[in-house]
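Okay, structure first, notes after.
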Amino acid sequence: MEKDFCQKIEVQFANLLNKKILFNKKRFILTADEILILKKFLIITVLRIKIAEEDKVKIPGMTEEELNSLEGDFYDNINKILDCKTKEEAFKYIDIYNETTNMNLHAYVKDILCSYTVFVRTNYCKEDFIIPDKGYASYEGPIHVKKLTGTLDLYKKSNDPFLINLARMLTPHDYSVFPIAHDMAIIKMSPFFKLIVDGSRYNIILPPEAPTISKLLGFGNVQTFTSPKVKENFGKTNEYKCEVKQLSVDDVCFLNSLLLLNARQYLAFADRENIKRSLEYVTHCNTEKDYSFIKQKP
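In the numbering used here, the protein residues as written are 5 to 302.
So, in structure tokens, the structure goes:
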């Protein structure tokens with residue numbers, strides 16, 4: 005399995021990462037094929053953990069054999085997804101009406117394939133990212149369920165097919181953060197937030213407990229979460245203009261709190277001094293865990 009991951013996607017992603025994403029500090033253009041490579045890499049980052057025995061889906065009253073028959077073949081399906089040339093081709097392997105679909109794959113693959121991508125850096129604030137052994141962390145905020153029910157309610161009132169298509173793309177995750185360097189991360193955003201940050205004909209009213217996008221998602225501002233701009237190439241596949249967003253110290257501390265709390269056994273960082281403020285933030289928010297060992301000098 006690891007050999008397939010390496011040959012089919014990690015080599016391609018490493019080339020993309022080093023030649024284009026890390027090299028450009030402010031903006032870059034990705035092709036549709038490169039976006040798919042990136043999303044495949046994020047999929048295997050998540051699934052490396054999810055295929056562990058303790059993370060397998062368990063349904064009360066169902067035996068392991070019954071559950072296996074419901075799920076289909078995990079390894080066969082993930083290899084098919086990694087072999088896909090387009091996002092649309094991959095969707096047929098997570099179709100819930102397909103009897104060979106693996107339900108463990110369905111939510112996680114759908115979550116990433118339907119997302120849009122935001123690139124963030126920490127160059128200005130000088131606070132580094134913490135990288136957990138899981139490789140990522142997800143966030144579910146105050147509207148993680150309401151964003152689906154609200155979209156469906158809006159569809160019933162407007163009968164706009166765009167909204168029902170959007171509803172089919174939604175999962176409880178608002179976003180997931182994937183550090184790819186000590187000062188850079190990829191954030192996979194739920195497509196729902198395009199209605200708020202990119203502008204739409206619908207007026208999205210945020211709840212009183214989270215009246216701003218920062219309160220809703222824990223960090224950032226409207227500009228942080230804008231999606232890549234589509235550059236149409238007539239007769240060819242589209243390209244995507246990606247702007248790299250700079251984060252504040254408070255932004256990085258919040259994201260690091262998610263990453264640190266999602267670590268199973270291990271974590272990585274470049275310099276203790278450059279995560280000091282994040283450790284203070286996490287210690288203040290969560291007094292149950294002791295992170296003093298990280299701050300100690302060797």
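Ideal placement from N, C-alpha and C gives every residue a C-beta, glycine not left out.
Residue i versus residue j - alpha carbon distance
| i | j | result |
| --- | --- | --- |
| S162 | L152 | 15 Å |
| S282 | G145 | 20 Å |
| N28 | I41 | 18 Å |
| L86 | F17 | 12 Å |
| T90 | I47 | 14 Å |
| I208 | F197 | 10 Å |
| T241 | Q269 | 42 Å |
| L220 | K12 | 37 Å |
| T216 | C257 | 19 Å |
| S218 | I168 | 26 Å |
| L34 | L20 | 9 Å |
| T49 | K249 | 23 Å |
Residue i, buried or exposed, once every other Cβ within 10 Å from all chains shown has been counted against 16
| i | result |
| --- | --- |
| D137 | exposed |
| D178 | buried |
| Y348 | Beyond the ends of the chain as shown, which are 5 and 302, falls residue 348; an answer cannot be given. |
| D157 | exposed |
| V113 | buried |
| K44 | buried |
| D275 | exposed |
| V181 | buried |
| F223 | buried |
As assigned by DSSP and simplified to three states, the class of residue i
| i | result |
| --- | --- |
| P136 | strand |
| Q11 | helix |
| L174 | coil |
| L21 | helix |
| E247 | strand |
| G192 | For clarity, residue 192 is Lys in the given sequence; the question names Gly instead. Of the three classes helix, strand and coil, the one that applies to K192 here is strand, per DSSP. |
| S252 | coil |
| I147 | coil |
| T287 | helix |
| S180 | strand |
| I208 | coil |
Cβ separation of residue i and residue j, assumed to be a contact under 8 Å, to the nearest whole Å
| i | j | result |
| --- | --- | --- |
| E247 | R52 | E247 to R52, Cβ: 29 Å. No contact. |
| V234 | L264 | Their Cβ separation, rounded to whole angstroms, is 35 Å, which puts V234 and L264 out of contact at 8 Å. |
| N266 | A94 | With a Cβ gap of about 25 Å, N266 and A94 do not count as contacting. |
| I147 | P211 | 6 Å |
| N81 | L109 | 5 Å |
Quick check: the region 204-216 against the region 130-138, are there 3 or more CB pairs under 8 Å?
-> no
May I ask you to verify whether the region 82-100 touches the region 154-172, counting CB pairs closer than 8 Å and requiring at least 3?
-> no
Give a yes or no on contact between the region 179-199 and the region 117-126, applying the rule of three or more CB pairs nearer than 8 Å.
-> yes
Counting Cβ pairs closer than 8 Å, one from the region 215-232 and one from the region 7-21, do we hit at least three?
-> no
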